[in-house]
Every structure is written in C-alpha cells, then in structure tokens.
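Residue numbers (the numbering used here): -5 to 246.
Right, one structure below, let's go through it.
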Amino acid sequence: MAEREPGEIEIGAVIIGDELLSGKRRDRHQAHLTEALAEKGLELSWIRIVGDNARLLVQTFRETLASGAEVFSFGGIGATPDDRTRACLAEALGRPLQRHPEFVDLLERRFGDEAYPHRIRMAELPEGASLIPNPINGVPGFRCERHYCVPGFPAMAEPMARWVLDQRFPQRNAEAGSVEESLILQNTTESSLVPVLEAIEAAFPDLRISCLPRMDRDAPRVELGVRGPRARVTEAHARLRQTLIEAGFLAR
C-alpha cells in the first residue's frame, strides 16, 4: 500500500462474502462508509472485496494490519461455518480466540438457553478485542488493533461504523477534510493535457490532480479536478486555470 503523507489518516475497508463476488448481492457498504467518513472530513483510501476463503482472509488481514490503517471489516462475524472473520483475524494477529465475557453475557441475556451451542460462537474473539455496540439487535461487533469488524447487514453495519467514527474522531467534521474544485474543458483530449497536468503536479505535490475524460456524442471533453486542503486547492486551481489559458485551452 502507498506510503501516506505525515498526518494523513489512511482508512480502508474489507468487504467479505462470496455472494458479492458471485453477483448474488451488491455491495452497499462502500457508499454508506464514504458518506459517514465525509461527515468527519475523512476519505476512504482503499477497499478490498474478499470471498469466504480462509487462506485469502488471513493473507488480507496480515496485509491490512501491516498497513497501520484504520480498517472497517464488513461481514463474516456470524455463527455459521462460513463466518470466518474472527478466526482469520486472530490468526493474522498471531493470537488465540477467547470467549469475551461481556459478549457471552449479552448473548445469554438475549437468547437464554438458545445461546448454546451455536450462537455463543460469536463471542469467540481475538485476544484483546473490545466490543462495538449494535443498536439494531444488540449483538455486537468487535474492535482489535484498528480493525473494526461489523456485520454484513448494511442496516446494522452503518450505525456501528458511525459509532466507531464518533469514538475515534469525536472532534472532526467535514470542514477538517479535503475539498475539490474542478472545471470542464470542451473539445479537448486528456493526452493533450499531459504537460499541463505534470506542471501542476510538480508545483503542488501534496494535492491530488484528476483527469476524467467524457465521451460525449458531439465532441470529447475532460473534467479536471484538484483535491486537498482548501487553501492549497484554491491556489492550485487558480494556477491550473492560468496555465490552461496560457496553453490555449481556455479563453481569458
């Protein structure tokens, strides 16, 4: 994974389930998480979709743990044999699974004798894990080493992810995050803009410059974007406009 700038918060998502890879279900977690992050002035840095394969899940978690990122993991924390998130994260951490006493108590109070022998498996968490409350049905997710594991049901996962964000970043809001300014050039191809974009990237290496071609029926057009801290974006956008004018892409 790419090395991040000092002070930048890297946030990733691991979305788990064979049903997503087969097309049986469509992912809704990314949209919900992106919206929740934006309210905190944060952005999603990367996303991985992984099936219910234990070997691949362990490998994935080893890599995401090594990244140092804040990672939201969706799915695979139920009690059926294909729910492997707990065991695979524990293996990636090199820790044993242990029954979490508070989780056991929650299950026993909610389900009584029916908590055994199967539902109780949900309380077997990697050593050192803490709980993430579930406001929908009371069955929690868990946190371990900057990994936040919540259910695959979006109706549960979304409020649980928001709770995590409120705990981790209580003072942040949208004003603390990045902004983007863009402009659209008509009758222009992206290849013709390479020298301009290289010049802007060289002048503002801390910002993200984007170039999105649009294939309209009548003529090609390109949308250029500059993203980063507000003051720097304002400066870079002004420089971009001036450079485009000098290069003949925009009228004065």
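Cβ coordinates follow ideal geometry from the N, Cα and C atoms, glycine included.
Here the structure is a predicted model, which means the values were calculated and not measured.
Where residue i and residue j are concerned, what is the direct C-alpha to C-alpha distance, given to the nearest angstrom?
i, j, result
"Arg93", "Ala149", "26 Å"
"Arg224", "Val190", "21 Å"
"Phe55", "Trp40", "14 Å"
"Gln53", "Phe68", "16 Å"
"Glu192", "Leu179", "17 Å"
"Ala230", "Glu195", "9 Å"
"Arg248", "Ala241", "Absent from the structure is residue 248, since the part of the chain shown begins at -5 and ends at 246."
"Glu209", "Arg215", "This sequence places Met at residue 209; Glu is not what is there. Roughly 7 Å between the two C-alpha positions."
"Leu101", "Pro95", "10 Å"
"Phe243", "Arg226", "23 Å"
"Ile114", "Arg104", "11 Å"
"His141", "Glu64", "6 Å"
"Asn181", "Cys205", "14 Å"
"Asn167", "Gln161", "13 Å"
Could you tell me which of the options sits nearest to residue i, measuring between CA atoms?
i, options, result
"Arg78", "His23, Gln236, Phe136, Asp46", "Asp46"
"Glu139", "Pro153, Glu152, Ala86, Leu101", "Ala86"
"Leu159", "Glu29, Gly219, Ile9, Lys18", "Glu29"
"Met154", "Val65, Pro127, Phe163, Ala73", "Pro127"
"Arg49", "Gly132, Asp76, Ala230", "Asp76"
"Ile71", "Glu174, Ser204, Ala151", "Ala151"
"Ser16", "Ile43, Gly35, Glu33", "Ile43"
"Ala81", "Val98, Leu51, Phe66", "Leu51"
"Phe97", "Tyr110, Gly106, Asp107, Met116", "Met116"
In its own chain, which residues sit with a C-beta less than 7 Å from the C-beta of residue i, not counting the 5 before and 5 after it?
i, result
"Glu121", "Arg89, Pro90, Gln92"
"Gly222", "Ser172, Asp200, Leu201, Arg202"
"Ser176", "Glu217, Leu218, Gly219"
"His112", "Ala73"
"Ala84", "Pro90, Leu91, Pro120"
"Glu13", "Arg19"
Note the first and the last residue of the continuous alpha helix (DSSP H) segment covering residue i.
i, result
"Met150", "148 to 162"
"His268", "The displayed coordinates of the chain run from -5 to 246. Any statement about residue 268 would go beyond what the structure contains."
"Arg80", "79 to 87"
Start and end of the beta strand (DSSP E) containing residue i?
i, result
"Arg221", "214 to 222"
"Arg49", "From DSSP, Arg49 is part of no beta strand (DSSP E) but of the alpha helix (DSSP H) over 48 to 61."
"Arg65", "Reading off the sequence shown, one finds Val at residue 65, where the question assumed Arg. Start and end: 64 to 68."
"Glu174", "173 to 180"
"Ile43", "40 to 44"
"Val188", "Here Val188 belongs to no beta strand (DSSP E); instead the alpha helix (DSSP H) covers 188 to 197."
Please state whether DSSP places residue i in a helix, a strand or coil.
i, result
"Val8", "strand"
"His94", "coil"
"Gln236", "helix"
"Pro120", "strand"
"His112", "coil"
"Phe105", "helix"
"Leu206", "strand"
"Arg137", "strand"
"Leu15", "helix"
With a threshold of 6 Å on Cβ separation, who are the neighbours of residue i within its own chain once the five nearest residues in sequence on each side are excluded?
i, result
"Trp157", "none"
"Arg(-2)", "Here Arg(-2) scores only 46 on pLDDT, less than 50, and its place in the model is too uncertain to base an answer on."
"Pro129", "Pro153"
Report whether the distance from the Cβ of residue i to the nearest heavy atom of the ligand MG is below 7 Å.
i, result
"Glu121", "Judged by which ligands are present, the structure shown has none, so any question about the ligand MG falls away."
Who are the near neighbours of residue i in its chain, counting only those whose CB is closer than 8 Å to its CB and skipping five residues on each side?
i, result
"Ala245", "Ile239"
"Leu38", "Ile5, Gly6, Ala7, Gln24, Leu27, Thr28, Leu31"
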